[in-house]
Amino acid sequence: MSDLWTGERVRLRGIEPADWEGFRALALHTVDARNADVVDPPRSDESFRSWTAERADRTPNPAAYHLVIETRFEHAFVGAVSVGETDARAGRFRTGIEVTREHRRQGYAAEATELVLTYMFAEQRSHKCEVEVYAFNDASLALYRSLGFVEEGRLRQHEFFAGAHHDVVLLGITADEYWAGRPRPSLR
Numbered sequence: 001m002s003d004l005w006t007g008e009r010v011r012l013r014g015i016e017p018a019d020w021e022g023f024r025a026l027a028l029h030t031v032d033a034r035n036a037d038v039v040d041p042p043r044s045d046e047s048f049r050s051w052t053a054e055r056a057d058r059t060p061n062p063a064a065y066h067l068v069i070e071t072r073f074e075h076a077f078v079g080a081v082s083v084g085e086t087d088a089r090a091g092r093f094r095t096g097i098e099v100t101r102e103h104r105r106q107g108y109a110a111e112a113t114e115l116v117l118t119y120m121f122a123e124q125r126s127h128k129c130e131v132e133v134y135a136f137n138d139a140s141l142a143l144y145r146s147l148g149f150v151e152e153g154r155l156r157q158h159e160f161f162a163g164a165h166h167d168v169v170l171l172g173i174t175a176d177e178y179w180a181g182r183p184r185p186s187l188r
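Here's what the structure looks like:
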C-alpha cells in the first residue's frame with residue numbers, strides 16, 4: 001500500500017462537515033458513550049454540525065488530531081480515532097478509538113489503530129503509545145492486547161459514573177514491541 005493512511009479495509013481521513021451524522025451516531029447510545037469516555041447531556045444536531053465544521057477547518061497537527069475511519073471502498077463512516085497528550089521529549093502519546101455499532105467486530109478498529117501507530121512510530125519518532133480503558137470494557141481490552149499492548153497498571157476506583165466508581169486499566173506498547181514481527185513502511 002502506497003498510502004500510509006490506507007489499510008486493506010479502512011482509510012483514515014480528516015473530518016469533513018458532512019461527518020456530523022456519523023459523530024452523532026457515536027454519541028446516541030449511553031453505553032457506547034460511557035465505554036469511550038463519559039456520558040454527556042444530549043446535543044443538538046446543530047451542535048454536531050458546528051463541531052465537525054470547526055474541525056474540518058483546522059490545520060492538521062501531528063501531535064494531536066482526530067481522524068475519521070471510513071471503509072476503503074464504500075467510504076462509509078466507521079468511527080473515529082484520535083491522538084493526543086503527546087509528549088515529544090519523552091516520545092509518548094495516547095490514542096483512542098470509537099466505532100459505530102454496525103461496524104464493530106469486523107477488524108476496522110484494529111486496522112485503524114495500526115495505521116495510527118505506524119504513523120506515530122515511523123514518521124513522528126514516537127517511542128511509546130499509551131491507552132486508558134475502563135476495566136469493564138472487555139472488547140477494547142481485547143483489541144489492544146491483540147495488537148501487542150501490555151497492561152502497565154490499574155487506577156483503582158478512578159472514575160465515577162452509573163452510580164459507582166470504576167477502575168481504569170493502563171496499557172502501553174513501545175515502538176520496538178510494535179515493530180517486532182511487522183514490516184516497516186517502505187520508501188516505495
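Its first residue numbered 1, the sequence shown is counted upward by one per residue in UniProt numbering.
All residues carry an ideal CB built from backbone N, CA and C; glycine is no exception.
Proximity below 7 Å, CB of residue i to CB of residue j
i, j, result
"ASP19", "THR52", "yes"
"VAL10", "GLU111", "yes"
"PRO60", "GLN124", "no"
Nearest-angstrom beta carbon gap, residue j and residue i [assumed within contact, 8 Å]
i, j, result
"GLY172", "GLU130", "5 Å"
"LEU117", "TYR178", "6 Å"
"LYS128", "THR174", "5 Å"
"LEU67", "LEU26", "Contact doesn't hold; Cβ gap of about 13 Å is too wide."
"ARG154", "ASP167", "5 Å"
Beta-bridge pairing of residue i - partner residues as DSSP gives them
i, result
"HIS165", "PHE160"
"ALA80", "VAL68, GLU98"
"PHE93", "CYS129"
Residue i, DSSP secondary structure in three states
i, result
"MET1", "Interpretation of MET1 is limited by its pLDDT of 47, a score under 50 that renders its predicted location unreliable; the figure taken from the coordinates is listed afterwards. In the structure shown, MET1 sits in coil (DSSP, three-state: anything other than H, G, I, E or B)."
"GLY22", "helix"
"ASP57", "coil"
"ARG154", "strand"
"GLU85", "strand"
"LEU170", "strand"
Heavy atom of the ligand SAM within 6 Å of residue i beta-carbon
i, result
"TRP20", "No copy of the ligand SAM appears in this structure; indeed no ligand is present at all."
Residue i classed as buried or exposed, judged by whether at least 16 other C-beta atoms fall within 10 angstroms
i, result
"GLU8", "exposed"
"VAL133", "buried"
"ASP45", "exposed"
"SER186", "exposed"
"PHE136", "exposed"
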